[in-house]
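Student:
Protein chains: 2
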Amino acid sequence: MYPQFRSPCPVASALDLVGDKWSLVVLRTIFAGRHRYNELAGVAEKISTNILADRLARLEGYGLITKRAYQHNPERFEYHLTQRGADFLPVLQQLAIWAREHIPDRWSLPGWFAEGTARQFYPEPGSEGAALNPRAG
Amino acid sequence: MYPQFRSPCPVASALDLVGDKWSLVVLRTIFAGRHRYNELAGVAEKISTNILADRLARLEGYGLITKRAYQHNPERFEYHLTQRGADFLPVLQQLAIWAREHIPDRWSLPGWFAEGTARQFYPEPGSEGAALNPRAG
DNA sequence: AAGGTCACTTGCAATATGAAAGTTGAGAGG
DNA sequence: CCTCTCAACTTTCATATTGCAAGTGACCTT
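Going down the list, the protein sequences come from chains A and B.
Numbered according to our numbering, the first sequence spans residues 203 to 339.
Numbered according to our numbering, the second sequence spans residues 203 to 339.
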């Protein structure tokens with residue numbers, strides 16, 4: 203499930219999983235309520251589709267997201283956060299707080315993101331989670 | 203000072219600065235009290251020196267660290283966190299918390315790291331900061 | 001049957017990373 | 001003076017990752 207780690211350092215190990223240019227951007231997009239491939243491919247940052255497919259497969263392999271069919275004929279999939287993936291929310295929140303303080307002219311943080319908790323994004327949107335999910339509201 | 207950003211998203215923008223395999227590992231090492239090139243080059247993760255030199259230059263360019271001579275004849279340098287760099291502590295803390303929860307057999311978090319605040323690592327070790335700095339204690 | 005959409009996959013050029021060796025400036029030892 | 005060492009990079013070159021564009025196949029609509 204996990205790759206070879208550079209060291210047993212927690213910081214370095216977490217980066218062995220998501221320390222690239224796109225993984226956390228993909229996670230952020232799923233937090234934002236975009237669960238389908240074409241929604242994920244349409245982000246403002248213009249991720250190319252080979253990278254997107256690769257990152258989705260990796261994040262699924264690391265247990266951060268799940269892929270499940272939401273219809274058959276044709277079979278279509280949605281990517282959702284696992285608890286492990288949802289627990290990345292504090293990391294993204296702190297990254298965003300840092301950026302808001304130190305890089306000018308960034309987007310402001312929506313309330314569902316700034317005040318959200320990991321639990322609201324797991325297990326499934328629909329019960330408590332849906333209330334703060336931008337696409338369910 | 204800053205590069206071209208992929209988008210105005212704070213998360214994506216922060217990753218445009220440090221979203222690679224090594225930048226945050228270098229920052230972590232400086233938080234851990236290693237300030238000199240050979241100390242930074244000697245980390246457990248075996249960073250190669252060309253990458254280290256490049257990341258130090260980039261982090262300095264982004265204003266996250268400063269390079270200053272600590273002696274002359276021969277001139278030798280130390281790298282220290284700026285406030286901007288010290289403010290990355292919460293990001294590293296959350297990354298480490300995630301890894302401790304979700305990846306087995308990682309190092310435990312030293313108290314100076316887990317309970318530290320950004321302010322303790324800035325402006326200079328020596329007054330309040332030195333108290334929690336692992337190499338000063 | 002023709003055309004369209006979706007979810008990828010492939011090919012290939014451009015860029016980044018990694019390992020190892022080389023360079024520069026200065027002090028130390030003989 | 002000549003070599004040796006050390007710190008702090010720099011260079012070289014092989015490998016790996018990323019990016020762009022085009023292609024593929026399953027299924028659906030007309």
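A virtual CB, placed ideally from N, CA and C, is assigned to each residue, including glycine.
#1: Considering only residues of the same chain and omitting the five flanking positions on each side of B/L334, which have a CB-CB separation below 6 Å?
#2: Does DSSP put A/F233 in a helix, a strand or coil?
#3: Short of 8 Å in beta carbon distance, which residues of its chain neighbour A/E262, apart from the five on each side in sequence? Order them along the chain.
#4: What are the start and end residues of the beta strand (DSSP E) that includes A/T268?
#5: Given a threshold of 16 other Cβ atoms within 10 Å of its Cβ, counted over all protein chains shown, does B/Y272 qualify as buried or as exposed?
#6: What are the boundary residues of the alpha helix (DSSP H) that B/F315 is part of?
#7: Hey, A/R308 and A/A316 are a contact pair by Cβ (cut 8 Å); roughly how many whole angstroms apart?
#8: By Cβ distance below 6 Å, which residues in the same chain neighbour A/A288 in space, the five residues on each side in sequence not counted?
#9: What residue range is occupied by the uninterrupted beta strand (DSSP E) comprising B/E303?
#10: Taking DSSP's pairing of strands, which residues face A/R278 in a bridge?
#11: According to DSSP, what are the bridge partners of A/L283?
#12: With distance defined between alpha-carbon atoms, name the residue in B/E303, B/H304 and B/V293 nearest to B/F233.
#13: According to DSSP, simplified to helix, strand and coil, what is B/P325?
#14: Residues in its own chain within less than 6 Å of B/Y264 by CB, not counting five upstream and five downstream?
#15: Along chain A, which residues have their Cβ under 8 Å away from the Cβ of B/P292?
#16: On the criterion of 16 or more Cβ atoms from any shown chain inside 10 Å, does A/T251 qualify as buried, or is it exposed?
#17: Taking CB distances under 9 Å as the criterion, tell me whether B/L226 reaches chain A.
#18: Name the chain B residues whose beta carbon is nearer than 9 Å to that of A/Y204?
#19: Need the endpoints of the alpha helix (DSSP H) that B/E247 sits in, please.
#20: Kindly indicate the opening and closing residues of the alpha helix (DSSP H) around B/S209.
#21: Closest by CA to A/F290, which one among B/L254, B/F290 and B/Q295?
#22: State the Cα-Cα distance for the pair A/S215 and B/E277, rounded to the nearest angstrom.
#23: Quick check: what's the CA-CA separation for B/L258 versus B/V228?
#24: Between the Cα of B/Q285 and those of B/L266, B/I299 and B/A298, spot the shortest distance and give me the residue it belongs to.
#25: Between the Cα of A/W224 and those of B/E303, B/S209 and B/A298, spot the shortest distance and give me the residue it belongs to.
Tutor: Based on what the coordinates show:
#1: For B/L334, the predicted model reports a pLDDT of 47, less than 50, meaning its position is unreliable and no value from the coordinates is stated.
#2: helix
#3: T268, K269 and Y281
#4: I267 to Q273
#5: exposed
#6: G313 to A316
#7: Their Cβ separation, rounded to whole angstroms, is 13 Å, which puts A/R308 and A/A316 out of contact at 8 Å.
#8: A320, F323 and Y324
#9: Per DSSP, B/E303 belongs to no beta strand (DSSP E); it is in the alpha helix (DSSP H), L291 to H304.
#10: A/Q273
#11: A/I267
#12: B/V293
#13: coil
#14: L219
#15: Q296, I299 and W300
#16: exposed
#17: yes
#18: I305 and P306
#19: No alpha helix (DSSP H) contains B/E247, which DSSP labels as neither H nor E.
#20: It is not in any alpha helix (DSSP H) - B/S209 carries neither H nor E in the DSSP assignment.
#21: B/Q295
#22: 35 Å
#23: 8 Å
#24: B/L266
#25: B/S209
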